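The structure is reproduced here in structure tokens:
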């Protein structure tokens, strides 16, 4: 049997490593200003946050539900969603973070990257019908 | 109703909603107190400037499309139940009795006063949304808005470009499914689509769509699934999309070559896309239509 | 552990306790990082592993996850819980043999961390987005802290409950 102190040291060491890793990840700036929005890993649309002059909102909907996304000059957030946990909304504004906004129930990911993802912009502003 | 407005004074959206409500109150055929309902009941009388303007545009459109658009088709439309949702196939005798009422030539508009032919009734269903869109865009423009998108039940009208300067991306609904048949990239234009898929019913294995050919009183069957008209005036796009659906691809192309105020996308029943030259570079087919055969209609061909 | 009826009753009791705790935790609002939560129901899992053995603890865990999935009505959440729960249970299996009664909290910490790894693995698969891994360090930190909390709660419970359970199965 290992001593309790040894276990405590192991757990403490792991915690310290995690904190360092988290700091590295979070302090690393985003590589660019383009917010790419993915669903199921496929690019949906892109917003170059550096080009946004007036705030605007758009809604992304599929069979699982809707996310209302708001783009402002230099930053982006999910401002409303009908997913059960609403973690994407609580995640708040993202401007220069490499960590993505994630809505797991709707399989939606928003990442701030250098360039618009290939194949994005599939989402129209409106549907004529 | 879906309004996206960038900039502009506070309360601009409230003003827009008031405008929509007042136009609804004027044009509704279900509200017996509306201006159009009272006109239909009386058969003549003074009308509001709005009704006069829309009616004059409707009549001009009827003349231009040789009656393929006709706002006096309303009694026939009602016989089919398309106005109420209680669908039925009227008998030929019933249609024969109603068809003489469908004739835009019998309507006269002069000095704010309108006279119908005997028993005629009108309905702005195929044109009112486009007019409302035009009025909204004008309201926004006057208020100093430089970027706006108006979506009135599938009638899309744009003012300026998107706030970031890029073109608006307006999808054309896939008439056969849930997705899009393509994307029109545009600015300062209305994009209006008409198609049988919007409303139809089936009886004894036949499908009856809600767009009637005013000449026969029967649902139009000119080989088109949908018609999308792109132009500066929403009211024109709205009426033309209905008329061109009735006219079919050849007469539609003919009308286009004699005009200069609109562009169109025709989706045919045999899976082809017809584009007019103004859209050749700004329409991208998508989904099930991505690989469809595309024909570009040009002004200077015969 | 033998004795069918007593065993079934005990397992059911543990499941009921876990479910009750789970429902209480549903009331705690989530924060803006996917997967970060206290995992209070883990107290029961850890305590059960020590008190009624890993197989019964596994059964309790499985029943709790399935029933909780039905209670919350979140089908997708069920898959995350199953993956997290399975990984958590697998790490607990050997741990029980090498830990003393004063080290129960260690099992909880390792279980919580394993649980979060299982969840992030499912998230990777469903979103097909490697960027999810950005949340890995944070989830490790939250796993350790939540595991410590639930672990000491479990250790305290085991101390109190052991004589009772022993009496039942004498």
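Chains as they are written, first to last, in the working numbering: chain A, 17 to 145; chain B, 30 to 331; chain C, 3 to 172.
Glycine residues also receive a C-beta, built at the ideal position from the N, C-alpha and C atoms.
All figures in this text were calculated on a predicted structure; none of them were measured in a lab.
One alpha carbon belongs to residue 192 of chain B, the other to residue 250 of chain B, and they sit about 41 Å apart.
Inclusion of residue 87 of chain C and residue 63 of chain C in the CB contact set at 8 Å is warranted, their separation being smaller than that value.
Residues of chain A whose Cβ lies closer than 7 Å to the Cβ of residue 76 of chain C are, in chain order, 100. In the three-state DSSP reduction, residue 134 of chain C falls in the helix class (H, G or I).
Using beta-carbon distances, residue 105 of chain C counts as an interface residue toward chain A, with a partner under 8 Å. Beyond the five residues adjoining it in sequence on each side, residue 69 of chain B comes within less than 6 Å, by CB distance, of 150 in the same chain, given in chain order. When 9 Å is used as the limit between beta carbons, residue 54 of chain A is near these residues of chain C: 129, 130, 131 and 133, in chain order. Taking 8 Å as the cut-off, the Cβ atoms of residue 110 of chain A and residue 83 of chain A do not count as close.
In the structure shown, residue 323 of chain B falls within a strand segment according to DSSP collapsed to helix, strand and coil. Per the C-alpha coordinates, the member of C:164, C:142, C:114 and C:167 positioned closest to residue 39 of chain A is C:142. When C:81, C:150, C:73 and C:98 are compared, the shortest CA-CA separation from residue 26 of chain C is found for C:73. The beta-carbon distance between residue 90 of chain C and residue 55 of chain C, rounded to whole angstroms, is 16 Å. This is too long to meet the 8 Å contact definition. Counting only unbroken stretches of 3 or more residues, the beta strand (DSSP E) elements lying wholly within the stretch 56 to 134 of chain A are 58 to 64, 72 to 78, 81 to 88, 91 to 97, 117 to 119 and 124 to 129, in sequence order.
Around residue 23 of chain A, the beta-carbon contacts reaching into chain C at under 7 Å are 105 and 108. For residue 95 of chain C, same chain residues with a beta-carbon under 6 Å away, outside a window of 5 residues either side, are 56 in chain order. Counted as a single uninterrupted DSSP element, the alpha helix (DSSP H) harbouring residue 58 of chain C occupies residues 56 to 74. Contact between residue 271 of chain B and residue 98 of chain B is confirmed by a C-beta separation of about 6 Å, below the 8 Å threshold. Here the stretch 320 to 327 of chain B makes no contact with the stretch 36 to 45 of chain C; the two share fewer than three CB pairs at distances below 8 Å. Here residue 73 of chain B carries a strand assignment [DSSP, helix/strand/coil]. The CB of residue 62 of chain A never comes closer than 9 Å to any CB in chain C; the least such distance is about 15 Å. Taken through DSSP and simplified to helix, strand or coil, residue 94 of chain C comes out as helix. With a cutoff of 8 Å on beta-carbon distance, residue 325 of chain B and residue 315 of chain B are scored as not near each other. Looking from the CA of residue 38 of chain C, the closest CA among C:156, C:144 and C:161 belongs to C:144.
Check the Cα spacing between residue 234 of chain B and each of B:118, B:42 and B:92: the tightest is with B:118. Excluding the 5 residues flanking it on each side, residue 61 of chain C has same chain C-beta neighbours closer than 7 Å at 13, in chain order. Residue contact with chain B for residue 32 of chain A: absent (no Cβ-Cβ distance below 8 Å to any residue of chain B). Residue 36 of chain A sits exposed, since fewer than 16 C-beta atoms from the chains shown fall within 10 Å of its C-beta. Our two residues, residue 28 of chain C and residue 20 of chain C, have alpha carbons roughly 12 Å apart in a direct line. Between residue 53 of chain A and residue 76 of chain A, the gap from beta carbon to beta carbon is short of 8 Å.
By the Cβ neighbour-count rule, residue 131 of chain A is exposed, with fewer than 16 other Cβ atoms within 10 Å of its own. For residue 192 of chain B, the secondary structure class from DSSP, reduced to helix, strand or coil, is coil. Here the stretch 75 to 88 of chain B makes no contact with the stretch 246 to 261 of chain B; the two share fewer than three CB pairs at distances below 8 Å.
Straight through space, the alpha carbons of residue 147 of chain B and residue 246 of chain B are spaced by roughly 18 Å. Residue 314 of chain B: member of the beta strand (DSSP E) spanning 312 to 314, first to last residue. Taking every protein chain shown into account, the CB of residue 129 of chain B has fewer than 16 other CB atoms within 10 angstroms, so this residue is exposed. By the C-beta criterion, the stretch 194 to 203 of chain B is judged to be in contact with the stretch 214 to 223 of chain B, since at least 3 inter-stretch pairs fall below 8 Å.
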